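Numbering (this note's numbering), first residue to last: 46 to 154.
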């Protein structure tokens, strides 16, 4: 007898992490949502406000994002957000077996 077991939502082999300076924080966001966004679309800003901002600044609802850049790197994707506070926030979509710090080492000041 077999059972139907529902699939977990999102990807379990692809993780989403925030890197600021040399600090890494894994977040519980669906990596596929980030992958489906273009650099010119509003969805990257919406994902930032929904998943990243509450972790970085829980008391603030929205920040001004000046620029967004996407780089595909071996083992993942790096999304760079530049905010009005002149802060660079890296969102790293990476394989579960890959360190997000290794993927972004050339992007960290």
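Backbone N, C-alpha and C define an ideal beta-carbon position, used for all residues, glycine too. Bear in mind that the values here come from a model prediction, so they are computed numbers and not experimental data.
| If you draw a straight line from the C-alpha of residue 90 to the C-alpha of residue 58, how long is it? | For the purposes of this step, residue 90 is identified with residue 45 of the chain shown, where counting begins at 1. For the purposes of this step, residue 58 is identified with residue 13 of the chain shown, where counting begins at 1. If you take the alpha carbons of residue 90 and residue 58, they lie about 24 Å apart.
| field | residue 113, DSSP secondary structure in three states | value | Locating residue 113 in the chain shown gives position 68, counting from the first residue. Looking at residue 113 - three-state DSSP - the assignment turns out to be strand.
| query | Taking the continuous beta strand (DSSP E) assigned at residue 134, which residues delimit it? | reply | As a first step, residue 134 is located in the chain shown; it is residue number 89 there, counting from the start. First-last of the beta strand (DSSP E) with residue 134: 133–140.
| message | Measuring straight from C-alpha to C-alpha, what distance separates residue 104 and residue 64? | response | Taking the chain shown and counting its residues from 1, the one referred to as residue 104 is at position 59. Taking the chain shown and counting its residues from 1, the one referred to as residue 64 is at position 19. Those two C-alpha atoms are separated by around 20 Å.
| message | Tell me which residues share the same chain as residue 145 and place their Cβ nearer than 7 Å to its Cβ, disregarding the 5 neighbours each side in the sequence. | response | The count along the chain shown starts at 1 and reaches residue 145 at position 100. Cβ neighbours of residue 145 beyond the five flanking positions: 62, 64, 69, 137, 139.
| request: Identify whether residue 66 lies in helix, strand or coil by the three-state DSSP scheme. | output: For the purposes of this step, residue 66 is taken as residue 21 along the chain shown, with counting starting at 1. In the structure shown, residue 66 sits in coil (DSSP, three-state: anything other than H, G, I, E or B).
| request: Assuming residue 71 and residue 60 form a contact by the criterion Cβ under 8 Å, report the distance between their Cβ atoms to the nearest whole angstrom. | output: Sequence index remark: in the chain shown, residue 71 carries index 26 (1-based). Sequence index remark: in the chain shown, residue 60 carries index 15 (1-based). Indeed they touch by this definition, with Cβ atoms about 6 Å apart.
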